[in-house]
Amino acid sequence: MRVPGASGSVAVRPPARAGTASRREPLANAEIFDVTVIGSGPGGYVAAIRAAQLGLKAAVVERDPAGTGGTCLQRGCIPTKALLHTADLLEDMQRAKEFGIRAEGVELDFEMAMTRKDRIVKRLSKGIESYLFKKNKITLLKGQGRLEGPKAVIVEGEAGETKVQTKNVVLATGSRPRGLPGIAPDGKVILTSDEILEIKEIPESLIVIGAGAEPDHLDAVVGRALDHDARAGEQEGRGLEPLFHPKDHARLIR
Ligand SMILES: Cc1cc2nc3c(=O)[nH]c(=O)nc-3n(C[C@H](O)[C@H](O)[C@H](O)COP(=O)(O)OP(=O)(O)OC[C@H]3O[C@@H](n4cnc5c(N)ncnc54)[C@H](O)[C@@H]3O)c2cc1C
């Protein structure tokens, strides 16, 4: 446990006695924040940084054990773009001859691509905590946040509950993937965008439900990694389009 200072990350204070995990302890130095932001995604961490730049004493509450950055950094924009880059390179290298480059036996090392993706995510998340928050003197409180009236946030961390006094609260709690009726994600056959970013092997086939940037990216990554499937797709003239377009999607969920 670390005692909160002007900045840095704070594990919430443990309860005074063993077995009293639900007891709410105020922060050790009775700090009162000008603004407490719940959620450290792009909405939350940018709001906290701006508040700090304007001279306010800011705290951010984040419950994700993976770290800060929210959906975008942990399981959205950043990991998909890291994998998309791999898919782009693979596609280019497979057409190397066309560009006047001799490259034999080009193939995907999926495990390495996933390791690179994880490394990028970790580095950027750490950058928010150890550089951006520190530089702007923002306190990071790790745990699940909930409101207790307009001027207090309870943070439930590993060691118990802590009461954070605050003049203002910003809710930046983002969103989570949602299942569709009758096709609840099981993490094995039916995956959400969270789970597909953690797969160990490339699936033999993939149906993407939904169209738009997110499913399009996932389809492009897996579709292109599936070398033979991607080529078959091109031969059929369907290229690498999502398999379901908005109107099919609407029909599917109706
Ligand atoms: C696969 C995928 C690809 C994407 N690609 C792009 C892209 O290329 N470009 C783009 O602009 N957008 C993209 N997005 C969308 C982007 O990720 C979101 O728009 C963005 O993350 C929203 O930011 P946010 O701060 O509102 O919420 P989030 O990023 O969801 O962050 C909310 C945070 O709040 C935390 N939280 C929630 N409740 C609590 C609580 N009670 N206590 C403590 N913490 C809590 C969560 O753990 C989370 O860290 C993508 C999304 C996905 C899923």
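Per our numbering: the sequence shown = residues 1029 to 1282.
Just so you know, even glycine gets a beta-carbon here, dropped at the ideal spot from N, CA and C.
Check, Outcome
"Looking only at C-alpha atoms, which of A1180, P1209, I1129 and Y1073 sits nearest to E1053?", "A1180"
"Return yes when at least one heavy atom of ligand 1 lies under 8 Å from the C-beta of T1108, else no.", "yes"
"In angstroms, rounded to a whole number, what distance separates the CA positions of E1176 and T1194?", "11 Å"
"In this structure, what does DSSP give as the bridge partners for E971?", "Since the first and last residues shown for the chain are 1029 and 1282, residue 971 lies out of range."
"So is K1228 buried or exposed if we call it buried at 16+ other beta carbons inside 10 Å?", "exposed"
"Please classify E1189: is it buried, with 16 or more other beta-carbons within 10 angstroms of its beta-carbon, or exposed?", "buried"
"Using the Cβ count rule (16 or more neighbours within 10 Å means buried), how would you classify L1199?", "exposed"
"Taking a contact to mean a Cβ-Cβ separation below 9 Å, would you say A1086 touches I1077 in this structure?", "yes"
"Is the beta carbon of L1225 within less than 8 Å of some heavy atom of ligand 1?", "yes"
"How is L1199 classed by DSSP in three states: helix, strand or coil?", "strand"
"Do A1200 and ligand 1 come close, with the Cβ less than 8 Å from some heavy atom?", "yes"
"Give every residue of the same chain whose Cβ lies closer than 8 Å to the Cβ of V1134, excluding the five residues on either side of it in the sequence, and list them in chain order.", "L1118, M1121, Q1122 and A1124"
"Are there 16 or more other CB atoms within 10 angstroms of the CB of E1157, so buried, or fewer, so exposed?", "buried"
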